[in-house]
Amino acid sequence: AYAMYTSGSTGIPKGVVIEHRNTVTFIAWAGNVFTAEDWAGVLASTSICFDLSIFELFATLAHGGVVILAESVLQVPLLPAKQKIRLINTVPSAARAILDSGGLPVGVRTINLAGEALGNGLVQDLYRHKNIEHINNLYGPTEDTTYSTYNMCCRFTIDEPTIGSSIWNTRVYVLDGRLEPVPAGVSGELYIAGAGLARGYLNHGGLTSERFVADPHARQPGSRMYRTGDV
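Going letter by letter, the sequence shown gives residues 1065 to 1295 in our numbering.
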């Protein structure tokens, strides 16, 4: 379907090969989670060089929605069509900047936050804004087609938001050095498997073999999982 370049923790750009089936699975999940009201005005401010744009552009159009283009999410207060925006997909620091400037449009009902750690303070501040119905914390590397986990954040809580549970047809493991699950409360490395998993890295067979490894916990022989490097 496409190759999306990411530097990850190495700082060296590498192309992640995403197949059509990966994208179809992701878009189908998005259609189940988000509503017609959300799709009625989705801000598309992420560069097509980054995987958040897959949600903003292709998921929106696939579900009959309206894409509202902007060069940057920070330009939202200046957009002529800002009052038509219903869903914003961005990073927490940008959401904070828009909120603090008083530039969050009154029509926004859903905010997806990903790419950075999300604190409960920002969640509760956003929920105080008129018309905000859902704030979602999402996590996922480019190697797993944009999003791997999803959490609808709670109102009126003092608890910090988690990255939530795996999306459709996705498995998430926290494993030790022997690739065995760790007990609750014990740190381990996060691995991701399932239908969103990329083919591998473009023209980097060795790196693909290193990061995309056999999944010993899968029921289907030959299944793979991705080593995120996240603990």
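Idealized CB from N, CA, C, for every residue including glycine.
Beta-carbon proximity of residue i to residue j, cut-off 7 Å
{"i": "Y1191", "j": "R1219", "result": "yes"}
{"i": "G1167", "j": "P1141", "result": "yes"}
{"i": "S1230", "j": "T1213", "result": "yes"}
{"i": "I1152", "j": "A1126", "result": "no"}
{"i": "T1089", "j": "A1278", "result": "no"}
{"i": "L1254", "j": "T1206", "result": "no"}
Spatial neighbours of residue i in its chain, beta-carbon cut-off 6 Å, leaving aside the 5 residues before and after
{"i": "F1276", "result": "G1264, R1288 and Y1290"}
{"i": "L1266", "result": "A1067, G1079 and V1081"}
{"i": "L1243", "result": "P1280"}
{"i": "G1204", "result": "T1210, Y1211 and S1212"}
Option in the options with minimal Cα separation from residue i
{"i": "G1128", "options": "Q1139, P1156 and T1099", "result": "T1099"}
{"i": "N1086", "options": "M1068, G1270 and E1224", "result": "M1068"}
{"i": "I1227", "options": "G1286, V1295, R1242 and I1152", "result": "V1295"}
{"i": "A1248", "options": "Y1237, A1257 and R1242", "result": "Y1237"}
{"i": "M1216", "options": "P1205, I1222, E1207 and N1201", "result": "N1201"}
{"i": "S1157", "options": "N1184, K1148, G1171 and V1170", "result": "N1184"}
{"i": "G1179", "options": "V1250, E1101, F1114 and Q1147", "result": "F1114"}
Burial state of residue i, where buried means 16 or more other Cβ atoms lie within 10 Å
{"i": "G1105", "result": "buried"}
{"i": "K1194", "result": "exposed"}
{"i": "V1246", "result": "exposed"}
{"i": "G1025", "result": "This structure cannot speak to residue 1025, because the chain is shown only from 1065 to 1295."}
{"i": "N1176", "result": "buried"}
{"i": "E1120", "result": "buried"}
{"i": "N1096", "result": "exposed"}
{"i": "D1221", "result": "Per the sequence shown, the amino acid found at residue 1221 is Thr instead of Asp. With fewer than 16 other Cβ atoms within 10 Å, it is exposed."}
{"i": "G1298", "result": "Residue 1298 lies beyond the stretch modelled for the chain, which goes from 1065 to 1295, so this question has no answer here."}
{"i": "P1225", "result": "buried"}
Contact set for residue i: own chain, Cβ-Cβ below 8 Å, skip 5 residues either direction
{"i": "E1083", "result": "A1065, A1262 and R1263"}
{"i": "A1282", "result": "R1235, A1257 and M1289"}
{"i": "Q1296", "result": "The question about residue 1296 has no answer here: the residues shown for the chain are numbered 1065 through 1295."}
{"i": "T1124", "result": "W1103, V1106, A1108, V1130 and V1131"}
Contact set for residue i: own chain, Cβ-Cβ below 7 Å, skip 5 residues either direction
{"i": "E1197", "result": "R1173 and T1174"}
{"i": "L1182", "result": "P1156, N1201 and P1225"}
For this session: Flag this pair as touching only if the region 1124-1137 and the region 1104-1115 have three or more C-beta atom pairs under 8 Å; answer yes or no.
Result: Verdict: yes, contact present.
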